[in-house]
Structure formats: structure tokens, C-alpha cells
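Engineer: Numbering-wise (my numbering), the sequence shown opens with residue 8 and increments by one.
I have a structure here, written as C-alpha cells, and I will follow up with some questions on it.
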Amino acid sequence: MTSPIVPTPSTAPLLQVEDVRVWFPIRRGVLARTVGHVRAVDGVSLHVNPGETLALVGESGCGKTTLARAILRLESARAGRIRFEGRDLATLAPADLRPLRRHLQVIFQDPYASLNPRMTVQDIVTEGLVRHGLIHGRERESEALRLLSDVGLGRDALHRYPHEFSGGQRQRISVARAVSLHPKLIICDEPVSALDVSVQAQVLNLLMDLRDKYALSYLFISHDLGVVRQIADRTAVMYLGRLVETGRTDDILENPRHPYTRALISAIPRAGQPRRERIVLKGDVPSPARPPSGCRFHPRCPYATAACRDTEPPLVPHPSCPDRPVACIRLGDI
């Protein structure tokens, strides 16, 4: 197989998500009538540029994975547009979507569940190449060896099965499968959260090396801001189905503006630096089936006023941080 062609730089976003909503119906009764909706993703807009890593962070249940599944067409979006290289994925027929799938890959969170236990490693990492007609016959073994070498595994892994490997090794196999088709964008859905801390850094370094080698872009989903600091160029913070702040990762981590972002970052240990005052949020995350009126964070926000209960803040730049869109009507006061 020939080496991948490194794309030329482009100013147009590789992925453009515009006001996407993913709602799940709540059905009750003998007739299973729809009595409401779980608003898992409720009006999210973001973009990923070529060669960039965008982190999507937030508490469990905020809609990060649902958004990723909608981008991959594993869930149907109720509204909005998802453009990949300018083409709206939501409107494409399966036959038209298939050629694009090789350029849009995913690494799942659980390396134990994401690999077929009945397939050998050689078959797993080359399955996509065979299905797309990119390799034939004897090329399968040589291509598998090349991919395994890229992720730090040797020939002895070729004909073994997933249960014979550790969690970190399985995730390396998942990474090899994801890069096998030379994609342009890989969605990394909590790719290191199921691994031991000692292994997480190894997998992160591997992802960064492959990003440089193959000119990849990542949408990196995580709840761990310490991990995000290592890999992401920009970060988008998500709360209860909506984005509350976006910007360059270093800027957000050093100077968070939204109260929710401040609370998340206050929990990060900082070795050798003064400890931040810990912000403990009160109460539980509201149900996405019954989101609060106005600002969705106001029931837990220490700065909330009556206006926060009535006005839903847009995600827009503020004069105090023109390059950092923040969804907070009190931004100039706190």
C-alpha cells in the first residue's frame, strides 16, 4: 500500500457542526406514546480545522458522546447540520456516505468491548482496507505489520486474539485500526479513561505522534482536563447538552471565564504551583428531559441572579475576551 498523501493546509474547517440537536423520545403507556424528550444535545455548534485537536469536555451525561455518535451517523440529529469537507453528512444516502467513512474514524472508550473477540489482530486492523478494496491477498499481512509497528506492537501480535492482550495493548490495536484507512479526522471518545494512569501517557504520546505523522485531526472527548492539557489545541466545554465556553486550551485552563469551567478547573491538582481555591458545585446535574429555564447552569451557579433564570445566554464573544466565546450574561460582573 502506498504511503498517505499529506494534505495541503486549508483555511476551511474539516468538520463544521451547526446548531445540532439530538433528542430521544420518552415513551409511556400501552401505546408507547411520546410524552417528552431527553435533550441530550440541544443546539451545539463547533468546528475542527485540518491538523487540529479539539477537545470536548464536561461531566458524564452532558452529551459529549451523543454528539460524537451524531457526527458518525450512529444517531440521528433532530435538527442542525454536520458538514465534513463541506458535505452535509445528515443528508447523504448510505451509498454516498460510504466513501466518506474511510476519512472519518473513531476510537472508542472501552478497548475490551470495541474489538471483535473472534477476529485475529491482523483481521481487525486490516478489515477496513479490505472492505474498501485498498489491499488484496498477501498485502494484508505486510500492511498489518506496518500498522502494528506504528503503534508499538510486533509480529507476534498478528495471529493472536484480543483477549490475549492487556487493556493498553488493546487500545493500541484500536488506534491501529482507526489510522489504517489514513483518515482525515478521528473521533477519540474517552480513549484513555479506561486505562491505568501509567498507560494513559503512553497512549496519549502515541496519538500525538500519529497526528504528526499522518496529518490527522482529532475530536478528543474527555472529562479529564489534565489529559486535555497535553493533547488539545482548542477546548469546548459542554454542560447539559450545550456549549458554555470555547477557546485555546491554554487560555481556558489558565483563565477560565464561565463559572462551570472554573469549577472544573479548580479540581485539577497542580504540582509545584499554588493550589486554587476549590469550587464545589451544589446539587446534582438537572435532568436533560427537564432542563432549567434560562441558563442551564443557574441552579448550581454561585453567581446566578434572577435574570439568569429567565434569559438563556448565547455563546458569543465578550469584550473582555473577544477570542473566547462564553455563554454567560454576567461575564462582565464576575
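Every residue, glycine too, gets a C-beta built ideally from N, C-alpha and C.
Keep in mind that this is a model prediction, so the values were computed, not measured.
Quick one: complete alpha helix (DSSP H) runs, 4+ long, within the segment 130-160?
Structural biologist: Those alpha helix (DSSP H) runs which fall completely within the segment 130-160 and span 4+ residues are 146-157.
Engineer: Which term fits residue 65, buried or exposed, when burial requires 16 or more other beta carbons within 10 angstroms of its beta carbon?
Structural biologist: Buried: at least 16 other Cβ atoms inside 10 Å.
Engineer: DSSP beta-bridge partners for residue 225?
Structural biologist: Answer by DSSP bridge pairing, in chain order: 60 and 193.
Engineer: So, at 6 Å on beta carbons, what are the nonlocal neighbours of residue 6 in its own chain, with the 5 sequence-adjacent residues on each side left out?
Structural biologist: Any answer about residue 6 is impossible in this case: the structure gives the chain only from 8 up to 341.
Engineer: Is the distance from the Cβ of residue 75 to the Cβ of residue 193 below 8 Å?
Structural biologist: No.
Engineer: CB residue 181 to CB residue 118, shorter than 8 Å?
Structural biologist: The answer is yes: Cβ separation under 8 Å.
Engineer: Three or more C-beta pairs closer than 8 Å, one from the segment 197-212 and one from the segment 108-122: is that the case here?
Structural biologist: Enough Cβ pairs lie closer than 8 Å, so yes.
Engineer: Can you give me the Cβ contacts of residue 150 inside the same chain, cut-off strictly under 7 Å, excluding the 5 residues immediately before and after it?
Structural biologist: Around residue 150: 8, 133, 136 and 142.
Engineer: Report the partner residues of residue 114 according to the DSSP bridge assignment.
Structural biologist: Answer by DSSP bridge pairing, in chain order: 195.
Engineer: Can you confirm whether residue 165, when its beta carbon is compared against all beta carbons of chain C, has any partner nearer than 8 Å?
Structural biologist: The chain labelled as chain C is not found in the depicted structure, where only one protein chain is given.
Engineer: Which residues share a DSSP beta bridge with residue 32?
Structural biologist: Answer by DSSP bridge pairing, in chain order: 44.
Engineer: Taking buried to mean at least 16 other C-beta atoms within 10 Å of its own C-beta, is residue 305 buried or exposed?
Structural biologist: By the 10 Å Cβ count, residue 305 comes out buried.
Engineer: If I measure Cβ to Cβ from residue 58 and keep anything under 7 Å in the same chain, skipping five residues before and after, which residues do I get?
Structural biologist: Cβ within range, chain order: 222 and 224.
Engineer: Taking DSSP as the reference, what is the three-state secondary structure of residue 340?
Structural biologist: Three-state DSSP puts residue 340 in coil, outside helix and strand.
Engineer: Below 7 Å, is the gap between the Cβ of residue 139 and the nearest heavy atom of the ligand ATP?
Structural biologist: With respect to the ligand ATP, the structure shown offers nothing to examine, as it has no ligands at all.
Engineer: As a quick exercise: from 153, 263, 73 and 247, pick the residue whose alpha carbon is nearest that of residue 349.
Structural biologist: Since the first and last residues shown for the chain are 8 and 341, residue 349 lies out of range.
Engineer: Alpha carbon to alpha carbon, how far is residue 11 from residue 130?
Structural biologist: Confidence at residue 11 is low in this model, with a pLDDT of 43, below 50, so the placement of that residue should be treated as unreliable; the coordinate-derived value is given next. Distance between the alpha carbons of residue 11 and residue 130 is about 21 Å.
Engineer: Tell me whether residue 69 sits in a helix, a strand or coil according to DSSP, three-state version.
Structural biologist: Correct three-state label for residue 69: coil.
Engineer: To which residues of the same chain is residue 52 closer than 7 Å at the C-beta, ignoring the five residues directly before and after it?
Structural biologist: Once the five neighbours on either side are set aside, the close Cβ partners of residue 52 are 24, 25 and 26.
Engineer: Just checking my contact of residue 256 with residue 62 at CB under 8 Å: how many whole Å lie between their CB atoms?
Structural biologist: Rounded, the Cβ-Cβ distance is 7 Å, consistent with contact.
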